Amino acid sequence: MPDCIVVGGGIIGLLTARQLFLEGVDVLLLEKGPLGGESSWAGGGVISPLYPWDYDDAVNVLAERSKQIYPSLTKALLAETGKDSELINSGLFTVIDDDAVQREAIVSWAKDWSVDARYVDDEKRIHEIESTVGDVVDKGIWMPDILQIRNPKLVIALKASFEHLAIPYHEHCAVEEILHDENKITGVRTKQKNYSTGNVIIASGAWSAKFSVTQSSVNISPVKGQMIMYKGEPDLVKRIVLSKGHYIIPRKDGRILAGSTLEKIGFDKSVSSSALKELHRAAVQLVPLLADLTVERQWAGLRPGTEKGIPYICQHDDIEGLYVHAGHFRNGIVLGAASAELMVDVVLNREPWCDTAPYTLQASH
Ligand SMILES: Cc1cc2nc3c(=O)[nH]c(=O)nc-3n(C[C@H](O)[C@H](O)[C@H](O)COP(=O)(O)OP(=O)(O)OC[C@H]3O[C@@H](n4cnc5c(N)ncnc54)[C@H](O)[C@@H]3O)c2cc1C
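The opening residue of the sequence shown carries number 22 in this note's numbering; numbering runs sequentially from there.
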C-alpha cells in the first residue's frame with residue numbers, strides 16, 4: 022500500500038512523484054496512456070510565460086522559481102540517466118505595439134521581478150538579435166535570458182529517472198474513481214484493480230475536473246493548442262520570436278516549431294488545415310525564410326485551462342488526503358518545477374517555500 026498515489030503522468034505528475042520519492046515518500050504514479058503523452062509532450066517548452074507582465078503575481082512567483090531550478094534539475098537528470106532535456110538559452114523577442122504606456126509598464130514589471138527585458142526599436146539591433154526576422158518585427162521587448170527546454174526530451178529523461186531510481190509507476194492504467202469514506206481518502210479504482218492509499222494527488226491535466234470528487238470544486242477545462250514543425254538546419258534561426266500570440270521556437274537540431282492555436286472545443290485533439298494555414302502564415306511573417314522549408318509535422322495538445330492560468334496546488338477542503346495539482350494552462354512546463362516543490366511542501370505539511378493562498382480551491386484561478 023503506497024503512502025501516496027499520483028493520478029496522471031504528465032510533467033506535473035512526473036515532477037511531483039519524483040520529488041516525493043526523493044523525500045522518502047512511498048509513491049505510486051498511475052497514467053492512463055504513456056507517460057507524458059498528452060499536453061506535456063505537445064507543448065513548446067518556453068521557460069517563461071508569453072507576455073509575463075500580463076499575468077498575476079501567483080504565476081510569476083512560480084515561473085521565476087522554476088527558472089532557478091531547471092538548470093540544476095536537467096543537469097541532475099543528465100547525470101542520472103544520460104538523457105539530455107536540451108535546456109538552451111534562446112532568448113525571447115516579443116513584438117509589442119507602439120504604446121508608450123504599455124512599454125513603461127513592461128519595463129517597470131521587469132524591474133520589479135529582476136528580469137532582463139529591454140525595449141528595442143532599432144532595425145539594425147533587431148537584426149543583430151535575430152537576422153532572419155521579417156518587417157513585422159520592428160519593435161519589441163528583448164529578453165536575452167529566456168531558456169527553452171525540449172519538453173518531449175524532458176519527459177524521456179524523467180521516465181529514465183523513474184527507471185533509474187525505481188520509482189513505481191503504471192502506464193495504460195486509468196483511474197476510474199477516487200475512493201473515500203465520508204471525509205478520508207481510502208484508495209483509487211482502476212480498470213485493472215483497486216489500490217489502497219491514504220493520499221491521492223490529482224495531476225490529471227485537462228481531465229482533472231472529471232472525477233466525482235473534483236467536479237464541483239475544480240474549474241479546469243481543455244484548451245486545444247495546435248502546433249506545426251518545420252525541418253531546418255541547426256542555427257538557421259536562433260531566437261524565440263513572438264507576435265500577436267504566434268511564436269516560433271528554434272530547436273537545437275534545426276527543427277522550428279510554430280504555434281499555437283487556442284481552441285475551446287472540448288476533448289478533441291484533431292488537427293485542421295485551417296490551423297496549418299494560420300500558423301504557417303503567421304510564422305512566415307515572423308521569419309520569411311520559413312516559406313521555403315517543409316512542414317514536417319502538425320499536432321495538437323489539450324492544455325489544462327483555467328481562466329487566469331493560476332494552477333491549483335492544494336489540499337481538498339473536505340476530503341482528508343486528497344490533493345489537486347493541476348490547471349497550469351499555457352505554462353505547465355515553466356511552472357512545473359516550482360509547482361512540484363510547493364505541492365510536496367503541502368503534502369508533507371511543512372513550511373511552504375511561498376504563500377499557498379493563491380493556489381487553493383477557494384482562490385480565483
Ligand atoms: C501547443 C501547446 C504549446 C504549449 N507551450 C508551452 C510552453 O511553451 N511553455 C509551457 O510552460 N507550457 C506550454 N504548454 C502548456 C503545457 O504543455 C501544459 O501546461 C502542461 O503540459 C500541463 O502538464 P500536466 O501534467 O498538468 O498535463 P498533461 O501533460 O496533459 O498530463 C496529464 C496526464 O494525466 C493523465 N490522465 C488523465 N486522466 C487520467 C486518469 N483518469 N487516470 C490516469 N491518468 C490520467 C493524462 O493521460 C495525461 O498524461 C503548451 C501546451 C500546448 C498544447
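Idealized CB from N, CA, C, for every residue including glycine. Predicted, not measured: the structure shown is a model, and the values here were computed from it.
Reference residue i, options the options, closest by Cα
i	options	result
methionine 394	Leu71, Gly266 and Ala296	Limits of the chain in this structure are 22 at one end and 386 at the other, which puts residue 394 out of reach.
aspartate 119	Ala312, Val158 and Gln336	Val158
valine 365	Lys145, Leu98 and Val221	Val221
leucine 99	Asp78, Ile177 and Arg39	Ile177
serine 182	Ala131, Glu101 and Ala347	Glu101
tryptophan 74	Arg324, Gly64, Glu85 and Ala321	Glu85
tyrosine 91	Ser281, Glu52, Tyr216 and Ala358	Ala358
threonine 95	Ala131, Leu108 and Leu83	Leu108
valine 234	His337, Gln89 and Val368	His337
glutamate 341	Val368, Ile354 and Thr315	Val368
tryptophan 62	Val154, Gly226 and Ala195	Gly226
isoleucine 170	Asn215, Arg272 and Val239	Arg272
aspartate 289	Ser242, Lys205, Ser385 and Glu203	Ser242
proline 255	Ser264, Asp274, Ser238 and Lys265	Asp274
glycine 44	Tyr216, Val305, Val292 and Glu362	As written in the sequence, residue 44 is glutamate, which differs from the glycine given in the question. The candidate whose alpha carbon is nearest that of glutamate 44 is Glu362.
aspartate 77	His201, Trp130 and Cys335	Trp130
isoleucine 162	Leu257, Val80 and Ser264	Ser264
valine 305	Gln383, Leu278, Ala321 and Leu323	Leu278
threonine 377	Trp320, Ala79 and Ser60	Ala79
serine 238	Leu49, Gln89, Phe42 and Ser385	Ser385
valine 196	Cys375, Lys174, Leu382 and Leu49	Leu49
aspartate 313	Ser294, Lys205, Gly322 and Leu257	Leu257
glutamine 319	Gly54, Ser294, Val128 and Ala121	Ser294
aspartate 143	Leu356, Asp156 and Asp133	Asp156
asparagine 394	Glu198, Asp339 and Phe42	This structure leaves residue 394 out entirely; the chain is present only between 22 and 386.
leucine 323	Ser291, Asp24, Lys132 and Val28	Ser291
cysteine 194	His201, Leu179 and Tyr216	Tyr216
isoleucine 286	Leu300, Leu343, Ala321 and Arg276	Ala321
Simplified DSSP assignment, three categories, for residue i
i	result
lysine 245	strand
histidine 148	helix
histidine 337	coil
lysine 96	helix
aspartate 256	coil
asparagine 172	helix
isoleucine 199	strand
lysine 104	coil
proline 189	coil
glycine 34	helix
glycine 29	coil
glutamate 317	strand
glutamate 44	coil
methionine 364	helix
histidine 301	helix
arginine 276	strand
glycine 57	coil
glycine 353	helix
proline 271	strand
tryptophan 74	helix
For residue j and residue i, believed in contact at Cβ under 8 angstroms, the rounded distance
i	j	result
isoleucine 32	glycine 58	That pair is no contact at about 11 angstroms.
tyrosine 151	arginine 302	A small fix is needed here, since residue 151 is glutamate in this sequence, not tyrosine. That belief does not hold up - the Cβ atoms of glutamate 151 and arginine 302 are roughly 19 angstroms apart, past 8 angstroms.
serine 360	leucine 83	6 angstroms
threonine 218	isoleucine 26	5 angstroms
valine 345	isoleucine 223	5 angstroms
valine 308	valine 262	7 angstroms
isoleucine 354	glycine 64	5 angstroms
proline 325	serine 229	6 angstroms
lysine 104	lysine 174	7 angstroms
Distance cut-off 6 angstroms: residue i Cβ against heavy atoms of ligand 2
i	result
serine 225	Among the ligands modelled here, namely ligand 1, ligand 2 does not occur.
The stretch 341–355 / the stretch 316–332 touching (three or more Cβ pairs under 8 angstroms): yes
Segment contact, 8 angstroms Cβ cut-off, at least three pairs: the stretch 162–176 with the stretch 67–81: The stretch 162–176, when compared against the stretch 67–81, does touch it at the 8 angstroms Cβ threshold.
Three-pair Cβ contact test at 8 angstroms for the stretch 182–201 versus the stretch 35–47: yes
Three or more C-beta pairs below 8 angstroms linking the stretch 112–128 and the stretch 137–145: Flag = yes, the stretch 112–128 and the stretch 137–145 touch.
Inter-stretch contact (C-beta, 8 angstroms, three-pair minimum) for the stretch 279–299 and the stretch 240–250: yes
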